[in-house]
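All remarks here apply to the structure that follows.
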Amino acid sequence: MNKTFLTVIAVILVAAGVVASSALFTVYQTEQAIVMQFGKPQKVIQEPGLNVKLPFVQDVVYVDKRVLSVSTQREEVVTLDQKRLMVDSFARFRIANPLQYYQSYGNIQIAYARLETILNSQLRQNLGRQILNNIVSGERSNLMNSIREQVNKEAKASGIDVIDVRIVRADLPTENSEKVFDRMRSQREQEAKEIRATGAEIAQRIRANADKERTVLIANAQKDSEILRGEGDGEKNRIFAEAFGKDEDFFSFYRSMQAYRESMSDTDTSMVLSPTSEFFRFFNQQDVQSKQGN
């Protein structure tokens, strides 16, 4: 009797455990839950904690509560000024209304595919209305906000809230990049030639001015030197004239000594003169005086 009773109690406990495990479920901080009954939603649980459902009758579908990200494939976009761009982009989103999300998509893979399609469409439409400079310049932030608002408007009906949209890369195709590079290099080379030509012109002008100033300075210096030389010669002649007036013999002797020095300083000079010439009169006088003394 006791053994049968214990067996019944054990069976009841096991059954209660099975029922409890089927009836209880946990929603974590990163999750949201939809309680389903025969494929129809019954309630939505967005707060974390332990919850109860009808065992064996109701099921739970868990929906991610975190911020998710979807990336687009590299797409070619033609801008308003007919420039071709290869664009990579991504969007961050979260599931704000789990019930609308589940009824619209059913699972996250379908949601990713749908969001990628919406994002590509909005990128083409918005970038196609802009010139290249607006896409790569400071207008890019405003453009991204506009695209995010439009993507979010389309996704909101499916319970998805788009938080951010960003362009990862916006590159020209390879052949266009090479053409742009060649054009930029040509422009820089032209600018370099113009700068060199301007520099050469300025250098030539500076050299011409310097040569002019040099010529003027040399001419003025020569002029001043000639004036000073003339004044010196005049002063010299005045002194010689005064000396000649005071002692004619000494002056004549001094001039003869100068003539001797100038004529005999060069050892390669040859002169043919008579010993009794006027040029050697002072030598002759010395010889006469020596003979008279003897």
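According to the UniProt record's numbering, the sequence shown is numbered sequentially starting from 1. We put the CB at the ideal spot given by N, CA and C, even for glycine.
{"Query": "Under a Cβ-count criterion, where at least 16 other Cβ atoms within 10 Å of its own Cβ denotes burial, should Gln103 be classed as buried or exposed?", "Result": "exposed"}
{"Query": "Measure the alpha-carbon distance for Pro48 versus Ser137 and round it to whole angstroms.", "Result": "44 Å"}
{"Query": "Measuring alpha carbon to alpha carbon, tell me which of Leu115, Gln130 and Val61 ends up nearest Lys156.", "Result": "Leu115"}
{"Query": "Mapping DSSP to helix, strand and coil, what is Ala170?", "Result": "strand"}
{"Query": "How many Å lie between Ile206 and Ile218 at the Cα?", "Result": "18 Å"}
{"Query": "Considering only C-alpha positions, which residue in the set Ile45, Pro41, Met36 and Ser22 is nearest to Gln29?", "Result": "Ile45"}
{"Query": "Do Leu119 and Val87 have their CB atoms nearer than 8 Å?", "Result": "no"}
{"Query": "I'd like to know whether the C-beta of Gln29 is nearer than 8 Å to at least one C-beta of chain C.", "Result": "The structure shown contains no chain C; it holds only a single protein chain."}
{"Query": "Which residue or residues does DSSP assign as beta-bridge partners of Asp81?", "Result": "None, per the DSSP bridge assignment."}
{"Query": "Give me the residue from Ile167, Glu154, Asp161 and Gly159 with the minimum Cα distance to Met144.", "Result": "Ile167"}
{"Query": "Is the region 69-82 close to the region 95-102, with three or more CB pairs under 8 Å?", "Result": "no"}
{"Query": "Using 8 Å as the threshold, is the C-beta distance between Ala170 and Ile147 below it?", "Result": "no"}
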